[in-house]
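Asker:
Residue numbers (mature numbering (1 follows the signal peptide of the UniProt record, and there is no 0)): -15 to -1, 1 to 198.
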C-alpha cells in the first residue's frame, strides 16, 4: 500500500470507541505477575554494566516473546513512580498523544484502566488498557480492556522491577510486550508498536527515573 492510499484508507478503518465492546476477549496469552524465567549470564551482566539494555527471548509455550532488561540508576520506588504515572505519559513517553486513567480500583494491589493514543507514522492508534499492579510481586501486567473497542487487535505485557542485585539505590527492570494487529495495519506501524517499543520503553523509564534524582 503506497503512502497516499495509506493516508486515505487508515482514518476510515480506525474505530476505537469507549461505548462498544472489543470484538473478542483476548487472542494473545496474558503475562503472569512475578519473576520472569530468564537467566542473565556474564555477557548479559557485562552489557547491563555498560549502561546498555539486554535483549533476549521469553518463552510463552512454544512461542518466544521479546524481553528487555535494563539497569537504572534510581531506586525501584522511583522507577515505579514513573511507570505508574499514566496521566503524565504524554510528557515522558515518545509518540504518546493521549494517556488518561478512566478507572482505578483496589488498594495496594490495584486495577488501573487507561485510555491511550499513540502517533504511528501517518495515523494515531487509540486503545484501552487494563493494568494490574502487584507490588508484592514487583509486577505490573496488562491486557486490553475488552469492554471497550481498541484500534489494535490485542496486546499484553509486563513490567518487573527489583532492587539491583549488587548496586545500592539502583534497579533492574524487565519489560516485555506482545501486540496483535489487524491485517490491514502496515508492517512499519507494527514495528513501531512492538519491536521498537521494547527498547524505547526501558529507555524512557531509565531517562525519567534518573532525572528525578
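Using N, Cα and C, we set each Cβ at its ideal position, and we do this for glycine too.
Less than 8 Å between the beta carbons of residue 161 and residue 52, yes or no?
Answerer: Here residue 161 is taken as the residue at index 176 of the chain shown, counted from 1. Here residue 52 is taken as the residue at index 67 of the chain shown, counted from 1. Yes, Cβ-Cβ distance for residue 161 and residue 52 is below 8 Å.
Asker: Checking 8 Å against the spacing of the C-beta atoms, do residue 110 and residue 137 come in under that value?
Answerer: Your numbering for residue 110 matches position 125 in the chain shown. Your numbering for residue 137 matches position 152 in the chain shown. It is a contact, given that the beta carbons lie within the stated cut-off.
Asker: Do the segment 189 to 197 and the segment 69 to 82 make contact, defined as three or more Cβ pairs closer than 8 Å?
Answerer: As far as the Cβ criterion goes, the segment 189 to 197 touches the segment 69 to 82, which means the pair count is three or higher.
Asker: Report the three-state DSSP secondary structure of residue 116 (helix, strand or coil).
Answerer: Within the chain shown, residue 116 is the residue found at index 131, counting from 1. Strand.
Asker: Quick one: what's residue 88 bridged to in DSSP?
Answerer: Here residue 88 is taken as the residue at index 103 of the chain shown, counted from 1. Partner(s): 98.
Asker: Counting Cβ pairs, one atom from each stretch, are 3 or more of them under 8 Å apart for the segment 149 to 161 and the segment 54 to 61?
Answerer: Touching, yes.
Asker: Count Cβ pairs between the segment 123 to 132 and the segment 3 to 13 that sit closer than 8 Å; are there 3 or more?
Answerer: Yes: the two stretches touch, three or more of their Cβ pairs being nearer than 8 Å.
Asker: Entirely within the segment 129 to 198 and at least 4 residues each: give me those alpha helix (DSSP H) ranges in chain order.
Answerer: As far as the segment 129 to 198 is concerned, its whole alpha helix (DSSP H) runs of at least 4 residues are 172 to 178, 180 to 196.
Asker: What does DSSP give as the partner residues of residue 56 in its beta bridges?
Answerer: Here residue 56 corresponds to residue number 71 of the chain shown, with the count starting at 1. Residue 56 is bridged to 157.
Asker: Please return the same chain residues whose Cβ sits closer than 6 Å to the Cβ of residue 144, not counting the five positions on each side in sequence.
Answerer: Along the chain shown, one-based indexing puts residue 144 at 159. Around residue 144: 68, 125, 160.
Asker: Excluding the five sequence neighbours on either side, which residues of its own chain have a C-beta within less than 6 Å of the C-beta of residue 167, listed in chain order?
Answerer: Within the chain shown, numbered from 1, the residue matching residue 167 stands at position 182. Around residue 167: 138.
Asker: In angstroms with no decimal places, state the Cα-to-Cα distance between residue 121 and residue 2.
Answerer: Here residue 121 corresponds to residue number 136 of the chain shown, with the count starting at 1. Here residue 2 corresponds to residue number 17 of the chain shown, with the count starting at 1. The straight-line gap from Cα to Cα measures roughly 34 Å.
Asker: Which residues share a DSSP beta bridge with residue 126?
Answerer: Here the question's residue 126 lines up with position 141 in the chain shown. Per DSSP, 117, 143.
Asker: Quick one, are the C-beta atoms of residue 116 and residue 99 less than 8 Å apart?
Answerer: Position 131 of the chain shown, counted from the start, is the residue given in the question as residue 116. Position 114 of the chain shown, counted from the start, is the residue given in the question as residue 99. Taking 8 Å as the Cβ cut-off, residue 116 and residue 99 qualify as a contacting pair.
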